[in-house]
Structure formats: C-alpha cells, structure tokens
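**Student:**
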Amino acid sequence: DFLPRGSGIVTRRPLVLQLINCATEYAEFLHCKGKKFIDFDEVRQEIEAETDRVTGHNKGISPVPINLRVYSPNVLNLTLVDLPGMTKVPVGDQPADIEHQIRDMLMQFVTKDNCLLLAVSPANSDLANSDALKIAKEVDPQGPATAPPPSCLGAETGSESLRSIGVITKLDLMDEGTDARDILENKLLPLRRGYIGVVNRSQKDIDGKKDITAALQAERKFFLSHPSYRHLADRMGTAYLQKVLNQQLTNHIRDTLPGLRSKLQSQLLSIEKEVEEYKNFRPDDPSRKTKALLQMVQQFAVDFEKRIEGSGDQVETYELSGGAKINRVFHERFPFELVKLEGDEKTLRKEISYAIKNIHGIRTGLFTPDMAFETIVKRQIAQIKEPCQKCVDLVISELVNTVRQCTSKLAQFPMLREEMERIVTQHIRDRESRTKD
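In full-length UniProt numbering, the protein residues as written are 1 to 437.
1) When the Cα of residue 124 is compared with those of 199, 62, 95 and 89, which residue comes out closest?
2) Would DSSP call residue 246 helix, strand or coil?
3) Which full runs of the beta strand (DSSP E) of 3+ residues lie inside the region 180-258, going along the chain?
4) Which complete alpha helix (DSSP H) runs does the region 265-340 hold, if anything under 4 residues is left out?
5) Indicate the three-state DSSP secondary structure (helix, strand or coil) for residue 125 in the structure shown.
6) How big is the Cα-Cα spacing for residue 172 and residue 180?
7) When DSSP builds the beta bridges, which residues end up paired with residue 26?
8) What does DSSP give as the partner residue(s) for residue 111 in the beta ladder?
9) CB residue 329 to CB residue 388, shorter than 8 Å?
10) Relative to the alpha-carbon of residue 255, which residue among 404, 136, 163 and 279 has its alpha-carbon at the smallest distance?
11) Quick one: is residue 371 buried, meaning 16 or more other Cβ sit within 10 Å of its Cβ, or exposed?
12) Cβ of residue 5 less than 8 Å from any chain D Cβ?
13) What residues are listed by DSSP as bridge partners for residue 40?
14) Which of the three DSSP states is assigned to residue 164 in this structure?
15) Leaving out the 5 sequence neighbours to the left and right, which residues in its chain are closer than 8 Å to residue 243 when beta-carbon positions are compared?
16) I need the straight-line Cα distance from residue 38 to residue 68, nearest angstrom please.
17) For residue 135, collect the residues of the same chain with a Cβ closer than 7 Å to its Cβ; drop the 5 residues on either side in sequence, then sort them by chain order.
18) Straight-line CA distance for residue 439 to residue 205?
19) For the beta strand (DSSP E) that contains residue 423, what are its first and last residues?
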C-alpha cells in the first residue's frame, strides 16, 4: 500500500524491502537511522523523496538501492527487491542508452544464484513478449521447463537451481471472451515453479482510498466467481503468493546453504595460507620489499589483461565491465552515434559529380580521378570525427575504471596504489591524445 504508483517509470531505484513479522506495525529506512515511520503515507513520500534526491525530479534512474524494513503482524518474514521495469524509449532527463542502463541494473540482482526471480507479466499482453520472462530465461536457463508441469504450483522437482516464479497480473482487464487459463495451468510457457495470478487495485481504487483488506476480498471473489479460474482459486491471489514466496525462500536458503558454507571454508583456508606466509616476513629486509613490489606489479598487469581480454576465472555476473563494456561501446554505442549523423545521398552525389568535373576542368575524363575520391572521403571522415572522439572518450573512461578496479587490491598500500594509478593513467592519457590526432 505504501509503494509509489503512477504512470510511466515510477520505480527508478532498486528498493530492498525486508518484511518482518512483528506485533507492532512500523517502518524504518536505512538512510533515516533511528526514525520510525508509523504513517505509511509518509513511507511512500520518503521513498519518492529519496529517489529524487539521487536521481533528480525528471525520470532519471540510479542503481543505488533504497533499504526499507517493514515490521507488521500482517506480513511473513521475507526479503524482496523491487526493480524498475524495462523501458526502451528515453523520457525526461534519461540518457539515450536508458534501456542498457536499466538492463545492467537488473542484472546486478537477478544474476545472483541466491535470489528467486519473480517474473511479473500482465495477462492482457502476449506472454511470449514478456521482458521479465525473457530475462529470467537468460539468467536462469533451467527455469522455463519443457517437461510436463508439476501437479501444484511451487512444487520442487530435483535439486537444480531453478529460480523463476511467474506472476500474472491484470487478469481482470483482459478482453471479453479471453482468459489466461492455459498460462495459470502452466501449459503455455511452462515454469518449474509455475505461475500465480493476482488482481491488484486499479489507480481508481487507490485514488478512492480502497484499503488492502477490501482489495484482497475483491480479489478472492474474482477468482471464486470466474468460470476459468474457480478451480484454481485456492492457488491464486496475493495471500497465496505471499505464502509461496515465504516457503520457496525458506527452501531456497536450505538448498544453497551447503554451497555457501563450502565457499566460506575455502576462503578461510586461503586466508590461513596467506597468514602462514607472513609469519616469517621481515619488513626490514630490502630484498623482500623489492620482491613484494614486483609481485604486486605483475599481479596488477595480469588482472588488467584478464579484465580486458575476458580470460579471467573470476567472471563478473551482475554487470558488464572491462573488455565487455569496451566491446559494447564499439558495437552498440558507436554505431548508434553514426546513425544519428544526418546524411543526404542526393547532396553527396552532387558533391561527387562537382568534384569530378572540377578536377577534369575543360577536359572530358574517361576515368574517375583519385583526387576527387580523396577529397570526398576526407570530408566524409571529418563528419564522423566527433562520434569517433566520443567513442575514444568512452573507451578511455572504461580503461581508467579498470585500472582503479585492478589497484583496489593495493588498498593496504595507499601510496603505491596512488602512484601506480597515476603512472598507468598517464600512459593511457598519452595514447588518448595520439588516438584523437
């Protein structure tokens, strides 16, 4: 009831929402330490205000999350992350690559194996075109199942890491004579964890102050009275979704805990091994200092090369970085900038014709002179100079970011880190000027 609603893109920052079952009802924000919100209208206003503080007032977005805890006797223990919906056309102050930015933001969360994916899709749109299911299939390829669906929604089959749960909204807004029965029965595009249908309040209901209790009763009545859904009524609705999510999250934590324990033990052994190496370390020994310095420089070079070449064993899974980001600049951003250039083929043909005739003078030429070709090409190249320089700027920016990421391991040697960043960055800047020339 306290989440902002409206037209256009409303969720512009990730909202990490922790629901905690408690006798008293209140909310707390991480950025408002010590302050308890009793009025949930104030919670909604604070979400909107905190969003605007970071993103501005004109539809900007940010990957920096808002952390909110809600204590209530009416909730089950659950942690949710509310993410922005996919958008393709920039509005307001949004950049031209808003689609890529939102996608990168979503990937930071949905690629984590410990997260369950709630793929929300409207019933009055073609499920095959659902952005939510498309991303879910991409990061959780075993989620969409080709095998026969389970006998009940949310059923577990096997020990595979299947994280996708389908949620179908706007069932009450479908065209007359149509229904989503095949989807909810898990027949159209099967998911191992199935689909759950919900009927949310409309904007008119919200404006009319229709409370959650009345909305849940209306939702229950809808499923019980609808001829296509009444046989599924006990497995539909917001209350059932809440129960399933709590159960699925508990099962998921139980299944992933052994892997997490193994990972922590491996890290502990690695740290203990490193501690053993430092037991005989003599800080006054010049040879040890030189050796340590060379090892750190060599490690930096290896890390930098791996981030650019993409051959490292530590692969980033929540966002593009290093060489992958540079690749996107060359193959997506640069072509986009070239397409924006205004070119008139008719005018270009005239220029070519005039150039050839002016070079021939009073003579009638048999072949196209090279000088005419060179003149036209030089003028065309001059037009793409600005997009090329912009491309160089983006690549340089990513190289500098990669340098910073690689030197983060030197945090315990701040002066060495600063000097290494300075030298490598200066080398990159020197090559930048040559490239632009």
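Beta carbons are placed, not taken as given, at the ideal position from N, Cα and C, and that holds for glycine.
**Tutor:** Concretely, from the data shown:
1) 199
2) helix
3) 195-197
4) 286-309, 323-328 and 334-339
5) coil
6) 10 Å
7) 71
8) DSSP output for residue 111 lists no bridge partner at all.
9) no
10) 163
11) exposed
12) This model lacks chain D altogether, as it is built from one protein chain only.
13) DSSP, once it has assigned bridges, lists no residue as partnering residue 40.
14) strand
15) 76
16) 13 Å
17) 106 and 110
18) In the structure displayed, the chain extends from 1 to 437; residue 439 sits before or after that span and is not available.
19) Segment 414-436 is the alpha helix (DSSP H) holding residue 423; no beta strand (DSSP E) there.
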